[in-house]
Each structure stands twice: as C-alpha cells, then as structure tokens.
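> I am attaching a structure below and will ask some questions about it afterwards.
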C-alpha cells in the first residue's frame, strides 16, 4: 500500500503565500505593480483555485468551489487590470484560503491510494507544490516592483560600483553523448521525454556576468552601439530607451545602486547582474565577443558540475522555447504548448527568489525577450 502524501512541503509554501499577503494594506493587496504581473491578492486566490480545480473538480468530480470562480481565476478569462478591483476584502480571502488549504491537504492524504493518473507517484502534490513555488516567486517580483516606485534617489552606497573588463574564466565541456530532460513525477511536461543528444566540445563561462562587467558595458556606450544588437533588439532599445538594468538607479552624484523589496542597497561588483532582458543579454554577449548558451549546453554543463553560482539569477539562453521530440502535454495543454511559438526564449537555473524544489538541471523557464522584471542575467559561451 502506498504511504500517505507528505504534506509538509505543500503546507509550508501555502503558509508562505499567505504571509506575503498578510502584511499588505488594501491598496497594495489590489494594486497591479507591473503590466505583466497580476495583483498580489489574485495570486493567492488563484493558487487555492488551482488546488480546488485539480483535486476536487478533476479527481473527485466536485466543482462547487471552482465553477463560480472560473471566470476570475483562470488567467485567460480575466484581464490583469480587472483583477484587483474584483478581489474580496483581504481578510476574507485569507480566512477562506486557509480553510480550503487545510481541507485540501486532508483530501490529498485521503485520496493517496485512489487510482487516478494525477495521483500516481504523488504527481498532483508535486505539481501543486511547484505551481505554488512559481507563484511565490512571482508575488515577490510584484513586491519588488512596488519598491521600485519608492525612488530612494538620495541613497548613498557605502562603496560606489566601479566598472571592470569582462574577465570570464571559461570551462570546457567535452564532446560526448549527454542526457537532457527530467523524469516524473517532479518534471513538468516540457522537461519530457528525457533523451540523449550528441554534442561537440564547447567552452562556457564558469560564472554569470557580474555587475562590474555590466557597468563597463554601460560606460562603453553599449546601449547605444547598434553593432551589438539584433534587429529586433535594437527596435526594442529605441522604443524603450533603456540604459540600465531594471532595478539599477543613480543618485545625484552619479553613483549606481540597486533597489529590491527591502529597499536600496549597494551593488556588489562580483554579484551576478540581473534585471536585463534577452535583448540586453544578447547585446552584452556580442559586446564581449561571445554568445548566449543553447539551453542544452547549459544543462550539459550543469550536470557536469562545472558551473558556479547556479541559481543566483535566471540565465537567458540563446534558443527559443521548444518541445522535445515526443513531447506530450500533461496535465493540460496550456502549461507549455502555447509557448512553443518562436517568440519565447528559454531560461535556466533559478534566482534568489526561486525555491529549491524548482532549481533542478532540467527545469525550463520561458519568457518573451523584452521581459526584464524577472531576476534574469546571463552566462557566456565562446562563439
């Protein structure tokens, strides 16, 4: 007989999601802090809706909690700007969510021995855990965007960030046959099926590009040097007039500093740069006489154990997001399939906001190349 589901990891992230909402005032609970991010309160309600949908409606056939809210918590049915005003009062949502979270943990344990494809090898509990972890990161991104609006223009760093030339140490991945992809039950559909590929030798940077190196790119007028940019990247650059990472700011003395949800902080020269789009990452790579890695190269190098600082920032890859040969959507089409559209690029690794359960060599993130609110940086490969 199968053992009951270990509810502790899911219970922990449920509690942590509530804590991210608990300290908000009503305005911030409902606010949309970035055009690509939903209100924080909506994320909490959505996570509980997803629990109810897969566990109660799909597995147990009970849609009494989901049918009335499908118009609101299914993203395709609810435009982001309309989500904040439609939220219930914060405490009402928290009370309802906590009751349903506890009930769902009990139901997961009670259904552990049932025969259902979603329950095999505790797939559903792992799916919900990772789904919630991704929303935990997204809520923190929204809180980060809230902080960016506070200015901090008078902040004086203890030590001003100084530029440094690109001095990457490259490590070699030898030619060989390598395994790519993940395995059930924890893998998402886009990590499957695991497969072998033959790959030639390549040299990849041991660490991601750091703040000091990125400042040199800025001071060398990299944002205005057309030669470094792709055609679409240059169009984006001209439309946005971007000249720095998303969270970087300058005070009246011209000193650079960063802002996150804790406030203003010194930019460490050796810390990986983040807050850059794929367009910016590609331009920096060209400036450095290198390129971004294909995600297969990144995964090969990660599995070989030759990469440092993995998981400090998401790392943009050079390829668009695609389905592996033999890909089958599971448990629903919309998680991955719509994004194999040639406009989304793969990212690997994870950031300081990413929970450990998601930080595996095979995990694939994906965004359009203009996104810079995510904690994404880059690692170089010799071109």
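In our numbering, the protein residues as written are 941 to 1323.
Glycine included, every Cβ here is placed at the ideal spot set by N, Cα and C.
Since the structure is predicted, the reported quantities are computational estimates derived from the model, not experimental observations.
1. For the segment 1139–1152 against the segment 1309–1322, do three or more pairs of beta-carbon atoms, one drawn from each stretch, fall closer than 8 Å, so that the two count as touching?
2. Please classify residue 1262: does DSSP put it in a helix, a strand, or coil?
3. Entirely within the segment 1002–1064 and at least 4 residues each: give me those alpha helix (DSSP H) ranges in chain order.
4. Would you check if the segment 1267–1282 and the segment 1216–1224 touch, i.e. whether three or more CB-CB distances between them fall below 8 Å?
5. Count the other CB atoms, across all protein chains shown, that sit within 10 Å of the CB of residue 952; report buried if there are 16 or more and exposed otherwise.
6. Using a Cβ-Cβ cutoff of less than 8 Å, which residues in the same chain neighbour residue 1125 once the five nearest sequence positions on both sides are dropped?
7. How do the segment 1137–1146 and the segment 1108–1121 stand: do at least 3 beta-carbon pairs fall below 8 Å, yes or no?
8. Short of 7 Å in beta carbon distance, which residues of its chain neighbour residue 1208, apart from the five on each side in sequence? Order them along the chain.
9. Within 10 Å of its beta-carbon, does residue 1304 have 16 or more other beta-carbons around it, so buried, or fewer, so exposed?
10. Run through the segment 1049–1137 for me and flag every whole beta strand (DSSP E) of 3 or more residues, listed as ranges in chain order.
11. Relative to the alpha-carbon of residue 1113, which residue among 1121, 1139, 1129 has its alpha-carbon at the smallest distance?
12. In this structure, what does DSSP give as the bridge partners for residue 1198?
13. Nearest by alpha-carbon distance to residue 1194: which of 1100, 1091, 1028 is it?
14. Please state if the CB of residue 1321 and the CB of residue 1237 are separated by a distance shorter than 8 Å.
15. Check whether the Cβ of residue 1024 sits closer than 7 Å to any heavy atom of the ligand MN, and report yes or no.
16. Could you tell me whether the segment 1188–1206 touches the segment 1083–1096, where touching means 3 or more Cβ pairs closer than 8 Å?
17. Grouping DSSP H, G and I as helix and E and B as strand, with all else coil, what is residue 1243?
18. With which residues is residue 1324 paired in a DSSP beta bridge?
19. As a quick exercise: from 1123, 970, 1177, pick the residue whose alpha carbon is nearest that of residue 1161.
20. Check each candidate in 995, 1053, 1081 and name the one with the smallest Cα separation from residue 1043.
21. What is the rounded straight-line gap between the Cα of residue 1184 and the Cα of residue 1158?
22. Can you name the start and end residues of the alpha helix (DSSP H) that residue 990 belongs to?
23. As a quick exercise: from 1289, 957, 946, pick the residue whose alpha carbon is nearest that of residue 1047.
24. Can you give the Cα-Cα distance for residue 987 and residue 1079, rounded to whole angstroms?
25. Would you report the Cα separation of residue 1278 and residue 1094, rounded to the nearest angstrom?
26. Count the CB pairs spanning the segment 1028–1045 and the segment 977–985 that are closer than 8 Å, and state whether there are at least three.
27. Quick one: is residue 1294 buried, meaning 16 or more other Cβ sit within 10 Å of its Cβ, or exposed?
28. Determine the closest residue to residue 1024 out of 1012, 1167, 1117, with distance taken between C-alpha atoms.
Put simply:
1. yes
2. As a working mapping, residue 1262 is identified with position 322 in the chain shown. In the structure shown, residue 1262 sits in coil (DSSP, three-state: anything other than H, G, I, E or B).
3. 1010–1013, 1030–1050
4. no
5. By 1-based counting over the chain shown, the position of residue 952 is 12. It counts as exposed.
6. As a first step, residue 1125 is located in the chain shown; it is residue number 185 there, counting from the start. Correct list, in chain order: 1060, 1061, 1062, 1063, 1066.
7. yes
8. In the chain shown, residue 1208 corresponds to position 268, counting from 1. Only 1151 meet the Cβ criterion.
9. On the chain shown, position 364 is the one that residue 1304 refers to. Under this definition residue 1304 is a buried residue.
10. 1110–1113, 1116–1120
11. Locating residue 1113 in the chain shown gives position 173, where the first residue counts as 1. It is 1139.
12. Sequence index remark: in the chain shown, residue 1198 carries index 258 (1-based). BP columns for residue 1198 point to 1188, 1205.
13. Counting from one through the chain shown, the residue named residue 1194 turns up at place 254. Ranking 1100, 1091, 1028 by Cα distance to residue 1194 puts 1100 first.
14. Within the chain shown, residue 1237 is the residue found at index 297, counting from 1. Within the chain shown, residue 1321 is the residue found at index 381, counting from 1. Cβ atoms of residue 1237 and residue 1321: closer than 8 Å.
15. Only the bare structure without any ligand can be found here, which leaves the ligand MN out of the picture.
16. yes
17. Stepping through the chain shown from its first residue, residue 1243 is reached at position 303. Residue state, collapsed to three classes: helix.
18. Because the chain spans 941 through 1323 in this model, residue 1324 falls outside it and cannot be assessed.
19. Here the question's residue 1161 lines up with position 221 in the chain shown. Out of 1123, 970, 1177, 1177 has the C-alpha closest to the C-alpha of residue 1161.
20. By 1-based counting over the chain shown, the position of residue 1043 is 103. Per the Cα distances, 995.
21. Along the chain shown, read from residue 1 onward, the residue named residue 1184 stands at position 244. Along the chain shown, read from residue 1 onward, the residue named residue 1158 stands at position 218. C-alpha separation (whole angstroms): 7 Å.
22. Taking the chain shown and counting its residues from 1, one reaches residue 990 at position 50. Where residue 990 is concerned, the enclosing alpha helix (DSSP H) stretches over 980–991.
23. As a first step, residue 1047 must be located in the chain shown, where it is residue number 107. If we check each option's Cα against that of residue 1047, 946 comes out closest.
24. Residue mapping note: residue 987 aligns to position 47 of the chain shown, counting from 1. Residue mapping note: residue 1079 aligns to position 139 of the chain shown, counting from 1. Taking the straight line joining both Cα atoms gives about 11 Å.
25. As a first step, residue 1278 is located in the chain shown; it is residue number 338 there, counting from the start. As a first step, residue 1094 is located in the chain shown; it is residue number 154 there, counting from the start. Taking the straight line from one Cα to the other gives about 44 Å.
26. yes
27. Position 354 of the chain shown, counted from the first residue, corresponds to residue 1294. The residue is buried, with at least 16 neighbouring Cβ atoms inside 10 Å.
28. Numbered from its first residue, the chain shown carries residue 1024 at position 84. The residue with the shortest Cα to Cα distance from residue 1024 is 1012.
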